[in-house]
Amino acid sequence: MKTITFKDRVRLYVTAGNGGDGCAAFRREKYVPRGGPSGGDGGHGGSVFIEASPHADSLLDLYYRPHQKAEPGGAGQNKDRHGRNGDDLILKVPCGTVALDHETGLRLGEVIHEGDRLCIAKGGRGGLGNTHFATSSHQAPREFTPGTEGEKRTVTLELKLVADIGLVGYPNAGKSTLLRRLTNAQPKVAPYPFTTLNPVIGTLVDADYRTLKIADIPGLIDGAHDGAGLGHDFLRHIERTQFLIWVIDMAGVDGRNPTDDYRGLLYELTEYNPELGERPHMIVANKMDLPEAPDHLAEFKRATGLDPLSISADAGDQVDTLKQRLFAKLSPATEPAPAKDASAQS
Ligand SMILES: Nc1nc2c(ncn2[C@@H]2O[C@H](COP(=O)(O)OP(=O)(O)OP(=O)(O)O)[C@@H](O)[C@H]2O)c(=O)[nH]1
Ligand SMILES: [Mg+2]
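The sequence shown begins at 18 in my numbering and counts up by one.
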């Protein structure tokens, strides 16, 4: 069993390669008294790209290697030889990575699907050799141009999770417990708020090997849409999920009121992004094994007019029904069936 924890935002200092200088040279050949200009152009500097790869599951690698540089172009040479182009530097990042210019906050772009590439620092252009400057009245030009500098940038990379389903709820509602029940992921579960500080993704698989990726994200608190607590970090992660499970602690542990929690969730999601409040979702009444829960549920139904699915993530009650409903609502990907002799992977 594997828990995937993330480094989901990193700052990078990227430098593209400078272009190589053009060359000023003249042909020197036997019996040719005045050879013409023969200085080649400089090579272009390499650019820095990010590329989406399903094999990169966090930005952790780049967190430890924040300075990244592409190769410079080679200088032009005599005999009209072009300088070598610098190699581009391709940084593999997880699918769903967004790049922002750190100074201006400008969004440079994003890479979503495998193989998507985005240039985050452009290489300099190679300079021109002196052959370009020859004219009929200027046959022995000594001019050439230097290569231009490669772009230098401080870039923030942010990872937006690419999961089908996001679990949202107040701290302690039982989101991580539910993820453990539904999938192979093993996020930490504890009886205090803010146990989950990093997003965790698990994969739900059914008997036909259809899969749904579910993201457990840190608990939301009032004011999250304004950035309170883990606010924006939390909300950024669920933006890409197509479906949400709102997990409500129906037992009202810690003196919470489930109806207020429901309204609070709706408010926070809508304030952050009105579309998020309306995103397809399912409301789940958790902790129904506790004695306080049925009364709270009756009150919840009366106050909201909603009929949530009652479960106990801890005891596993109705978790199979929840699975079936999720597969019925979403059109999941189908994985190839594992070979018969495949041993269980941890
Ligand atoms: N009785 C009961 N306890 C539950 C149930 N689900 C979760 N719990 C308990 O509630 C506490 C919080 O559970 P977590 O799964 O860590 O809650 P969370 O929503 O992930 O919390 P944060 O990560 O802090 O946001 C733990 O002590 C769980 O054992 C349930 O269905 N019934
Ligand atoms: Mg948790």
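All residues carry an ideal CB built from backbone N, CA and C; glycine is no exception.
Within the present structure, is the beta-carbon of N201 separated from the nearest heavy atom of ligand 1 by less than 8 Å? Annotation for N201 indicates a beta carbon at 8 Å or more from all heavy atoms of ligand 1.
Indicate, with yes or no, if ligand 1 has a heavy atom lying under 8 Å from the CB of K304. Between ligand 1 and the CB of K304, the shortest heavy atom gap is smaller than 8 Å.
Y187 and H242 look like a contact to me (Cβ under 8 Å); what is the Cβ gap, rounded to whole Å? Actually they are not in contact, since the Cβ atoms of Y187 and H242 sit about 14 Å apart, beyond 8 Å.
Top-ranked residue by Cα proximity to I234, from A180, V128 and E88: Nearest to I234 by alpha-carbon distance, out of A180, V128 and E88, is A180.
Near H313, which residues of its chain fall below 6 Å by C-beta distance, leaving aside the five closest residues on each side in sequence? Cβ neighbours of H313 beyond the five flanking positions: M267, G269 and P275.
List the whole-angstrom C-beta distance separating G34 from G183, where the pair is believed to meet the contact cut-off of C-beta under 8 Å. Their Cβ separation, rounded to whole angstroms, is 40 Å, which puts G34 and G183 out of contact at 8 Å.
Where do the ends of the alpha helix (DSSP H) carrying T152 lie? Taken as a continuous stretch (DSSP letters only), T152 belongs to no alpha helix (DSSP H), as it is neither H nor E.
In angstroms, rounded to a whole number, what distance separates the CA positions of V31 and Q341? Between V31 and Q341, the C-alpha separation is close to 47 Å.
Neighbour-count burial assignment, A345, 16 or more Cβ in a 10 Å radius: Exposed, by the Cβ-count rule.
T171 lies in the beta strand (DSSP E); which residues open and close that run? Where T171 is concerned, the enclosing beta strand (DSSP E) stretches over K169 to L176.
Inter-residue Cα distance where the pair is S70 and T228: Distance between the alpha carbons of S70 and T228: 19 Å.
What three-state label does DSSP hand E127 in the structure shown? Strand.
In the structure shown, what three-state DSSP assignment does L252 receive? Under the three-state reduction of DSSP output, L252 falls in the helix class.
What span of residues does the alpha helix (DSSP H) with V336 cover, start to end? Segment V336 to K346, the alpha helix (DSSP H) holding V336.
Check the C-beta distance from G57 over to R98 and give it rounded, since I have them as a contact under 8 Å. Confirmed, about 4 Å.
Which of helix, strand or coil DSSP assigns to K192: Helix at K192.
Name the two residues that bound the continuous beta strand (DSSP E) containing E68. Per DSSP, the continuous beta strand (DSSP E) segment holding E68 begins and ends at V65 to A69.
Use the C-beta contact count for Q259: other C-beta atoms within 10 angstroms, 16 or more gives buried, fewer gives exposed. In the assembly as shown, Q259 is an exposed residue. Its beta-carbon has fewer than 16 other beta-carbons within 10 Å.
Counting along the chain, where does the beta strand (DSSP E) carrying K109 start and finish? Its beta strand (DSSP E) spans residues L106 to V110.
What I want to know is whether the C-beta of G272 ends up closer than 8 Å to one or more non-hydrogen atoms of ligand 1. G272: no, Cβ never under 8 Å from ligand 1.
Starting from the C-beta of E68, find all residues in its chain whose C-beta is less than 6 Å away, skip the five residues before and the five after it, and write them out in chain order. When the five nearest sequence neighbours on each side are left out, the beta carbons in the same chain lying within less than 6 Å of the beta carbon of E68 are those of I107, K109 and R134, in order along the chain.
Grab the span of the beta strand (DSSP E) containing D266 for me, first residue to last. Counting along the chain, the beta strand (DSSP E) containing D266 begins and ends at F260 to D266.
Considering only their Cβ atoms, is the gap separating V217 from A202 smaller than 9 Å? Their beta carbons are under 9 Å apart, which means A202 touches V217 by this criterion.
When you compare each of E316, G60 and S153 to G167 by their alpha carbons, which one comes out closest? Minimum Cα distance to G167 is reached at G60.
Considering only DSSP beta bridges, list what Y30 is partnered with. Within the DSSP secondary-structure output, Y30 pairs in a beta bridge with H84 and T171.
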